[in-house]
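Each step along the sequence shown adds one to the number in my numbering, with nothing skipped, and position 147 is 147.
Ideal Cβ placement from N, Cα and C applies to all residues, glycine included.
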Amino acid sequence: MTEHRLAVLGAGVMGTAIATLAVGHGVPVTLVEVDPGRRGAARANVAQQLRMAKLMGHLPRTVTEGELTTTESIADIRNATAVVESVTELAELKAKVLADVSTVVGRGTLIASNTSAIPIDELAGAVAEPADLVGIHFMNPPYLIKAVEVIRGPRSSDEAMAATAGLLTALGRAPVVVGDGPGFVINRVLQRMINEAARIVEDGLATPEAVDALFTGCLGHRTGPLATADLIGLDNVVDSLRVLHERTGDDGYRPCALLETKVRDGEHGRKSGRGFFEHGGLR
1 MTEHRLAVLG AGVMGTAIAT LAVGHGVPVT LVEVDPGRRG AARANVAQQL RMAKLMGHLP
61 RTVTEGELTT TESIADIRNA TAVVESVTEL AELKAKVLAD VSTVVGRGTL IASNTSAIPI
121 DELAGAVAEP ADLVGIHFMN PPYLIKAVEV IRGPRSSDEA MAATAGLLTA LGRAPVVVGD
181 GPGFVINRVL QRMINEAARI VEDGLATPEA VDALFTGCLG HRTGPLATAD LIGLDNVVDS
241 LRVLHERTGD DGYRPCALLE TKVRDGEHGR KSGRGFFEHG GLR
């Protein structure tokens, strides 16, 4: 049985949630974050999410938690069996981080990007061995959502795909493998839907509450597109839309003015306490 040692790069919303998922399944995690504020808060954030997930029955209570190590140095991931990059959705930043990773870990080590929209093959050019890179697109929060969108790039190897399946199985997740391209499957559809829903609100056709009530009440969605956007983070939505617009040229992905305004005003959704809806100051 493989002894997994996971490195997670980035201690933002997704990075800490991925770390929570792994630690909760007994997998030791090295969490790398250069920002001292985020790094300092990471351990408490993971502990809080672990408690909540266990209370809700989404993480096992009988498994001994994996050790969580926080560090600012990427050199500390040299012994990782798999690396998940989860930094801001900027292609240049992700490429730099992935390039740094490939100088530290050995060839054949699984390197995964948690990008929500950037094509994997675009990022593969930054790593020493493109065959080692795959996309593992966790939904937020990953310890609540079992299905994981796995993106096989044109240069991803069979060995990397097998390692991905092994890691996700150890984390109690169900991989769904798709091909490469801007936004893959989930965000190619979802981000356009969020953008159009926001545009409907912007145009005064409906309130956010009415938009989401139609999706939940008529279509059976668990949450509407605007509540989903608040959960993702409106800043992340806008970043993903920009990636899709730049790479497809499709104006349906151009972020609407209301989304741009909310991000500029700091209304990022749940993490800021306000987005399309009020969230009671939750962060």
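With a 10 Å radius around the Cβ and a threshold of 16 neighbouring Cβ atoms, Leu171 comes out buried. Taking the Cα of Val148 as reference, the smallest distance to any Cα among Asn187, Ser156, Val105, Leu68 is reached at Asn187.
Within the segment 58-139, the runs of beta strand (DSSP E) at least 3 residues long that lie entirely inside it are, in chain order, 68-71, 82-85, 110-113, 133-137. By alpha-carbon distance to Gln191, the top candidate from Ser157, Leu219, Asp230, Leu205 is Asp230.
Contact between the segment 54-73 and the segment 15-35 is present: 3 or more CB-CB pairs across the two stretches fall below 8 Å. Fully contained in the segment 162-238 are the following alpha helix (DSSP H) runs of length 4 or more, in chain order: 186-202, 208-218, 225-232. The beta-bridge partner set that DSSP reports for Arg274 consists of Gly269, Glu278. Under the 10 Å beta carbon count, Lys262 is surrounded by 16 or more other beta carbons and is classified as buried. By the CB criterion at 8 Å, Ala17 and Gln48 fall outside the cutoff. Contact between Gly269 and Leu234 holds, since their C-beta atoms are separated by about 5 Å, short of 8 Å. When the alpha-carbon of Ala163 is set against those of Arg155, Ala112, Ala206, the nearest one is in Ala112. Taking C-beta atoms as the reference points, Ala7 and Ala99 fail to come closer than 8 Å. Burial is judged here by how many other beta carbons sit within 10 angstroms of a residue's own beta carbon; Lys271 has at least 16 and is buried.
In the three-state DSSP reduction, Ile18 falls in the helix class (H, G or I).
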